[in-house]
Each structure stands twice: as C-alpha cells, then as structure tokens.
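Quick notes on the structure that follows.
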Amino acid sequence: MPLRFRIPLHTIGAAIPELGSFPYEPGEREWDGPTLFIKGTKSKYINDRNIPIAKEFFPNATLEPLEAGHWVHAEKPNEFKQLVTNFIKADSH
Numbered sequence: 038m039p040l041r042f043r044i045p046l047h048t049i050g051a052a053i054p055e056l057g058s059f060p061y062e063p064g065e066r067e068w069d070g071p072t073l074f075i076k077g078t079k080s081k082y083i084n085d086r087n088i089p090i091a092k093e094f095f096p097n098a099t100l101e102p103l104e105a106g107h108w109v110h111a112e113k114p115n116e117f118k119q120l121v122t123n124f125i126k127a128d129s130h
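So the sequence shown is numbered by the working numbering: it starts at 38 and just counts up by one.
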C-alpha cells in the first residue's frame with residue numbers, strides 16, 4: 038500500500054504560517070528547570086543568533102554540541118544516548 042498523507046496537502050499548506058510561527062515573546066513563558074539542547078555542529082538550526090533567545094525561555098539550559106547534522110539522534114545514536122543519560126543522572130543528584 039503506498040504511503041499517503043492523512044491530512045490533505047491543501048490543508049497543511051494553508052496552515053503553514055501558523056505551523057511556522059512562535060506565538061510567545063521572551064519572558065512571557067519560561068521553564069527554569071534543567072533543560073538539555075543537543076546541537077548538531079553541522080546543522081544550522083541552533084545558531085549563535087537563537088541560542089540567547091532559547092536561554093530566555095530556558096534559563097537553566099545546557100547546550101551540548103555533537104558532531105552531526107540536524108538528526109543527531111539518528112546520526113550519532115550512542116553519543117546522543119550518552120549525553121541524555123549523563124544529563125538525567127546529573128539532574129537526579
């Protein structure tokens with residue numbers, strides 16, 4: 038059976054502005070608990086411009102670089118797992 042979208046493409050297309058928006062301003066919402074961001078060093082999704090913005094929403098965030106593209110969990114699964122495990126263990130003490 039061929040794959041197909043469950044939601045019609047025209048519906049997704051019409052919703053693109055809402056899907057791509059971020060409705061909050063820095064300081065409006067905040068999580069001050071420990072947070073882990075894992076950045077693929079070959080990816081441009083987390084960059085020097087948006088790291089300070091992320092820190093406004095997650096002031097206790099830790100950023101861990103991993104030599105990978107955007108799909109860090111798929112490209113470096115063992116290293117990804119180790120970073121997450123270390124983060125969880127450190128927070129549990």
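Glycine included, C-beta positions come from ideal geometry on N, C-alpha and C.
Just mark residue i as buried or exposed, buried being the case when its beta carbon has 16 or more other beta carbons within 10 Å.
i, result
"Leu103", "buried"
"Gly77", "buried"
"Ala111", "exposed"
"Ala105", "buried"
By alpha-carbon positions, which one of the options ends up nearest to residue i?
i, options, result
"Glu116", "Thr72, Phe95, Glu101 and Glu55", "Glu101"
Within its chain, find whatever has a CB closer than 8 Å to the CB of residue i; leave out the 5 residues flanking it on each side and keep chain order.
i, result
"Leu120", "Leu73, Ile75, Glu101 and Leu103"
"Gly70", "Asn97"
Under 7 Å Cβ to Cβ from residue i, same chain only, skipping five residues before and after it: list those, please.
i, result
"Glu67", "Phe94 and Pro96"
"Ser58", "none"
Identify the continuous beta strand (DSSP E) that holds residue i and give its terminal residues.
i, result
"Lys76", "Thr72 to Gly77"
"Pro102", "Ala98 to Leu103"
Can you tell me where the alpha helix (DSSP H) with residue i in it begins and where it stops?
i, result
"His107", "Run containing His107: none; DSSP gives neither H nor E here."
"Lys81", "Segment: none, Lys81 is in no alpha helix (DSSP H) and carries neither H nor E."
"Phe42", "Note, Phe42: premise wrong, no alpha helix (DSSP H); not H, not E."
"Asn87", "It is not in any alpha helix (DSSP H) - Asn87 carries neither H nor E in the DSSP assignment."
For residue i, which residues in the same chain have their Cβ closer than 6 Å to its Cβ, ignoring the five residues on either side in sequence?
i, result
"Val109", "Ile75, Gly77, Leu103 and Phe117"
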